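For this note's numbering, count along the sequence shown from 1 and bump the result up by 878. Note that CB positions come from ideal geometry on N, CA and C, so glycine has one too. Values in this document were obtained by computation on a predicted structure and should not be read as measured data. For reference, the structure is listed below as structure tokens.
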Amino acid sequence: MKTIIRNTLFMNLFNVFGRGSGLIRYVLLVYFLTDPDYALITFGFSFGRLCRHFMDWGLDNLITREGARDPALIPSFLLHGFLFKLAWGSLFFLAGFFYLYGARSLSPSELVVVYISMCGSALLSLTGVLRSGYSAVERMEYIFYTNAPVRTISLALLVFALLAKLPVAYAAAAVAVEPLLWLALLGWFAKGAFPLRGAAFSWKTTVFLFRESWALAVYGFFNIFYLSLDVIMIEALMGGRDAVGPYTIASLLVEGVTLLLTGYLMAAFPVFSRLYQTDEDAFRRLFRRSVTVLFAMSFPLSVLLCVWPHEWINLIRPANPISGQVLAILALNLNFALLNTLMIVVFTARNRQRWLVSFTAIAVVVSFGANWLLIPLYHQVGAAMATLFSQALLFFIMGGVGLPLFGLHVPVARVAGLAAITLTSAAAAYCVPGLPVLLVPFIFGGFWLVQAKLFNVISIDEIRRLTQAAQP
879 MKTIIRNTLF MNLFNVFGRG SGLIRYVLLV YFLTDPDYAL ITFGFSFGRL
929 CRHFMDWGLD NLITREGARD PALIPSFLLH GFLFKLAWGS LFFLAGFFYL
979 YGARSLSPSE LVVVYISMCG SALLSLTGVL RSGYSAVERM EYIFYTNAPV
1029 RTISLALLVF ALLAKLPVAY AAAAVAVEPL LWLALLGWFA KGAFPLRGAA
1079 FSWKTTVFLF RESWALAVYG FFNIFYLSLD VIMIEALMGG RDAVGPYTIA
1129 SLLVEGVTLL LTGYLMAAFP VFSRLYQTDE DAFRRLFRRS VTVLFAMSFP
1179 LSVLLCVWPH EWINLIRPAN PISGQVLAIL ALNLNFALLN TLMIVVFTAR
1229 NRQRWLVSFT AIAVVVSFGA NWLLIPLYHQ VGAAMATLFS QALLFFIMGG
1279 VGLPLFGLHV PVARVAGLAA ITLTSAAAAY CVPGLPVLLV PFIFGGFWLV
1329 QAKLFNVISI DEIRRLTQAA QP
């Protein structure tokens, strides 16, 4: 558990730093670029994102899973992962040219911007191969230490390109420098950790990777579509992009909070994969502990966002009251989203990733129907309700299948105790008159810790072990 918490710390630092630099980059591009140039570069980023997901093909999770079970196989998997992704990337680049130059009729200068963005995304996909190797051996600190400096360099180059008023292609290149330097740094350190000398191409390994990863690739497609469906349907059913703004202000805030909490799952995935083959009882214990850890993190945060939604939104920027209503609903969804991700980790670690295709396909159908019914009735709030409903249904389906299938149990008493002290702590903080929202977490946290100790929901020994484990 100590290694998991330590790696969680590094992945959370990685996520925080990435989120912060992404926000700075967004502000710079909006401030300095003209509307046509900003539209062009964001189109390039979006098209590049498609390229990355097309190249990934579920290989990163697969390499992490198999490498955690047998580290000696990592060099071979890295070699085949690179070749696999380069092949898929070449197909996408070729098809993309005919689409962009033919169907979209982009000019040569516009094509340059889009292709630079695609190159950056392709390089980012290639870094995923090396990152999965480090994840497999539970050395997540290399991911953070190599990423932080290259993000800083990329931001500096972007500032220079924008201040110098260089063509927009230079701004795209400044962004693409980050994955290029990151790949180089990861590769430099990987020479000693995962030497490719002796790794040879094998059709048997290629077939294995394709057979095991196609389900993850299809799941990834459904998942991307599912996560974008609410915004797509708001725009379609409410008649324009302006209607998306009040919703995305709240959804991006929840997305940022979710990203911080997924660091634990990134750190736990290789451990689950290894324990599946070595110690079934330890696998079940880790699952129960993971439910407790995730719920202890997600439920207090979701309650804080749900009870004071308008205050948090207005703290960031004065916003439409609808954004607060959306945040209150999506905050509750945070719990289902994280626990669903835990179940996805469990199914993948146990070689049952094909089930995920069916689960996510069901979620897409349910989300589409719920959005279709609720958006005309409740507008953006209806989209949030549809998201909550589909995630809750997905949780009960995956839990209903996975728990008895794998002999897993949820620590109901521990979860109920955490829920009780969280709700009473929120009620106590809410009753304090005129309490500024920035002080709410401190008052809330004080009540929470007192009750946790009083009712022994989390023991002092557990808190001490978690504190020691979090020290790098």
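TODO: Would you mind stating whether Phe1333 and Gly1280 have Cβ atoms separated by less than 8 Å?
DONE: Here residue 1333 refers to the residue found at position 455 of the sequence shown. Here residue 1280 refers to the residue found at position 402 of the sequence shown. The criterion of a C-beta distance shorter than 8 Å is not satisfied by Phe1333 and Gly1280.
- [ ] Can you give me the start and stop residues for the alpha helix (DSSP H) that Asn1025 sits inside?
- [x] In the sequence shown, counting from the first residue as 1, residue 1025 sits at position 147. For Asn1025, the uninterrupted alpha helix (DSSP H) run begins and ends at Glu1019 to Leu1041, by DSSP.
Task: Between the CA atoms of Ile1253 and Arg1343 - distance to the nearest angstrom - done: What you label residue 1343 is simply residue 465 of the sequence shown in a count that begins at 1. What you label residue 1253 is simply residue 375 of the sequence shown in a count that begins at 1. Since pLDDT at Arg1343 reaches only 45, below the 50 mark, its modelled position is unreliable, and the value read off the structure follows with that caveat. So the alpha carbons of these two residues sit roughly 47 Å apart.
TODO: Would you decide whether Ala1241 is buried or exposed? Buried here means 16 or more other CB atoms lie within 10 Å of its CB.
DONE: On the sequence shown, residue 1241 is found 363 positions in, with the first residue counted as 1. Ala1241 is classed as buried because its beta carbon has at least 16 other beta carbons within 10 Å across all chains shown.
Open item on the list: For Ala1348 and Leu1059, what's the separation of their Cα atoms in angstroms?
Closed with: Locating residue 1348 in the sequence shown gives position 470, counting from the first residue. Locating residue 1059 in the sequence shown gives position 181, counting from the first residue. Legend: pLDDT at Ala1348 = 35, less than 50; position of this residue unreliable, value from coordinates given subsequently. Cα to Cα, the separation comes out at about 29 Å.
- [ ] Give the range of the alpha helix (DSSP H) segment to which Gly945 is assigned.
- [x] Residue numbering aside, residue 945 sits at position 67 when the sequence shown is read from its first letter. That run of the alpha helix (DSSP H) goes Leu937 to Arg947.
Task: Exposure label - Glu1158; buried when at least 16 CB within 10 Å - done: On the sequence shown, position 280 is the one that residue 1158 refers to. Around the CB of Glu1158, fewer than 16 other CB atoms lie within 10 Å, so the residue is classed as exposed.
- [ ] Using 10 angstroms around the beta-carbon of His986, count the other beta-carbons present and answer buried if the total reaches 16, otherwise exposed.
- [x] The residue labelled residue 986 in the question sits at position 108 within the sequence shown. Checking the sequence shown, residue 986 turns out to be Pro, not His. Exposed, by the Cβ-count rule.
Open item on the list: Let me confirm a value: Pro1178 is counted as buried when at least 16 other C-beta atoms fall within 10 Å, else exposed. Which label applies?
Closed with: Along the sequence shown, read from residue 1 onward, the residue named residue 1178 stands at position 300. Answer is buried; the Cβ neighbour count reaches 16.
- [ ] Just tell me which of Thr1084, Ser1236 and Pro1187 has its CA closest to the CA of Val1132.
- [x] By 1-based counting over the sequence shown, the position of residue 1132 is 254. When only C-alpha atoms are compared, the closest one is Pro1187.
Open item on the list: So, at 6 Å on beta carbons, what are the nonlocal neighbours of Arg1292 in its own chain, with the 5 sequence-adjacent residues on each side left out?
Closed with: Here residue 1292 refers to the residue found at position 414 of the sequence shown. Excluding sequence neighbours, Arg1292 sits near Thr1170.
Open item on the list: Measuring straight from C-alpha to C-alpha, what distance separates Thr1345 and Ser1236?
Closed with: Here residue 1345 refers to the residue found at position 467 of the sequence shown. Here residue 1236 refers to the residue found at position 358 of the sequence shown. Its pLDDT being 40, under 50, Thr1345 is placed unreliably in this model, and the value from its coordinates should be taken loosely. Going by the C-alpha atoms only, they are around 39 Å apart.
TODO: Answer with buried or exposed for Ala1000, where buried requires no fewer than 16 other C-beta atoms within 10 angstroms of its C-beta.
DONE: As a position in the sequence shown, residue 1000 is number 122, starting the count at 1. Its Cβ being crowded by 16 or more others within 10 Å, Ala1000 is buried.
Open item on the list: To the nearest angstrom, how far is the alpha carbon of Gly1070 from that of Tyr1012?
Closed with: Looking up residue 1070 in the sequence shown gives position 192. Looking up residue 1012 in the sequence shown gives position 134. The C-alpha of Tyr1012 is placed about 12 Å away from the C-alpha of Gly1070.
Task: Continuous alpha helix (DSSP H) stretch holding His1287: start and end - done: By 1-based counting over the sequence shown, the position of residue 1287 is 409. His1287 -> no alpha helix (DSSP H), and no H or E assigned at all.
Open item on the list: So, at 7 Å on beta carbons, what are the nonlocal neighbours of Leu918 in its own chain, with the 5 sequence-adjacent residues on each side left out?
Closed with: Within the sequence shown, numbered from 1, the residue matching residue 918 stands at position 40. So the qualifying residues of the chain are Glu988, Val991 and Val1046.
TODO: Go ahead and pull the three-state DSSP assignment for Cys1351.
DONE: It is not possible to answer for residue 1351, since the shown part of the chain is limited to 879 through 1350.
Task: Through-space distance from Leu961 to Trp1081, alpha-carbon basis - done: Counting from one through the sequence shown, the residue named residue 1081 turns up at place 203. Counting from one through the sequence shown, the residue named residue 961 turns up at place 83. Roughly 12 Å between the two C-alpha positions.
Task: Beta carbon of Ala1062 nearer than 8 Å to that of Leu957 - done: If you number the sequence shown from 1, residue 1062 lands on position 184. If you number the sequence shown from 1, residue 957 lands on position 79. By the CB criterion at 8 Å, Ala1062 and Leu957 fall outside the cutoff.
Task: Continuous alpha helix (DSSP H) stretch holding Gly1070: start and end - done: Indexing the sequence shown from 1 puts residue 1070 at position 192. Gly1070 -> alpha helix (DSSP H) spans Val1046 to Ala1071.
TODO: Would you mind sorting Cys929 into buried or exposed? The rule is 16 or more other CB atoms within 10 Å of its CB.
DONE: Here residue 929 refers to the residue found at position 51 of the sequence shown. By the 16-neighbour rule on beta-carbons within 10 angstroms, Cys929 is buried.
Task: Cα-Cα separation, Met996 to Phe923 - done: Position 118 of the sequence shown, counted from the start, is the residue given in the question as residue 996. Position 45 of the sequence shown, counted from the start, is the residue given in the question as residue 923. Taken atom to atom, the span from the alpha-carbon of Met996 to that of Phe923 is near 7 Å.
Open item on the list: Assuming contact is defined by CB atoms lying nearer than 8 Å, are Arg1228 and Phe1284 in contact in what I supplied?
Closed with: Position 350 of the sequence shown holds residue 1228. Position 406 of the sequence shown holds residue 1284. Going by C-beta atoms, Arg1228 is nearer than 8 Å to Phe1284.
- [ ] Using beta-carbon positions only, say whether Ala1052 and Leu1041 come within less than 8 Å of one another.
- [x] Translated into positions along the sequence shown, residue 1052 becomes position 174. Translated into positions along the sequence shown, residue 1041 becomes position 163. No; because the gap between Cβ atoms is not below 8 Å, this pair is not in contact.
Open item on the list: Between the alpha carbons of Val1122 and Glu1113, how many angstroms are there, rounded?
Closed with: Residue numbering aside, residue 1122 sits at position 244 when the sequence shown is read from its first letter. Residue numbering aside, residue 1113 sits at position 235 when the sequence shown is read from its first letter. Roughly 6 Å between the two C-alpha positions.
Task: the region 1249-1268 in contact with the region 1295-1311 per 3-pair CB rule at 8 Å - done: Result no; under three Cβ-Cβ pairs closer than 8 Å.
- [ ] May I have the straight-line CA-CA distance separating Arg1009 from Phe1274, to the nearest angstrom?
- [x] Position 131 of the sequence shown, counted from the start, is the residue given in the question as residue 1009. Position 396 of the sequence shown, counted from the start, is the residue given in the question as residue 1274. One C-alpha to the other measures close to 32 Å.
Open item on the list: Quick check: Thr1238 and Asn1025, are their CB atoms within less than 8 Å of each other?
Closed with: For this step, residue 1238 is matched to residue 360 along the sequence shown. For this step, residue 1025 is matched to residue 147 along the sequence shown. Going by beta carbons, Thr1238 and Asn1025 fall outside the 8 Å limit.
- [ ] Check Gln1329 in the structure and name its three-state DSSP category.
- [x] For the purposes of this step, residue 1329 is taken as residue 451 along the sequence shown, with counting starting at 1. Reduced to three states, the DSSP call for Gln1329 is helix.
Open item on the list: For Leu1216 and Leu1286, which I take to be in contact (beta-carbon distance under 8 Å), what is that distance rounded to the nearest angstrom?
Closed with: Position 338 of the sequence shown, counted from the first residue, corresponds to residue 1216. Position 408 of the sequence shown, counted from the first residue, corresponds to residue 1286. No, Leu1216 and Leu1286 are not in contact; Cβ-Cβ is about 16 Å, not under 8 Å.
TODO: Indicate whether Ala861 and Leu1316 have their beta-carbon atoms separated by less than 8 Å.
DONE: Past the boundaries of the shown model lies residue 861; the chain is included only from 879 to 1350, so the question cannot be answered.
Task: Element boundaries [alpha helix (DSSP H), containing Arg1228] - done: Against the sequence shown, residue 1228 aligns to sequence position 350. It is not in any alpha helix (DSSP H) - Arg1228 carries neither H nor E in the DSSP assignment.
Open item on the list: Within a Cβ cutoff of 8 Å, which residues of the same chain sit near Thr1126, ignoring the five residues on either side of it in sequence?
Closed with: Taking the first residue of the sequence shown as 1, we reach residue 1126 at position 248. For Thr1126, where only same-chain residues beyond five positions count, the Cβ hits under 8 Å are Val1109.
TODO: Report the rounded CA-to-CA distance for Met1018 versus Ser1168, giving the unit in angstroms.
DONE: Translated into positions along the sequence shown, residue 1018 becomes position 140. Translated into positions along the sequence shown, residue 1168 becomes position 290. Spanning the alpha carbons of Met1018 and Ser1168 requires a straight line of approximately 18 Å.
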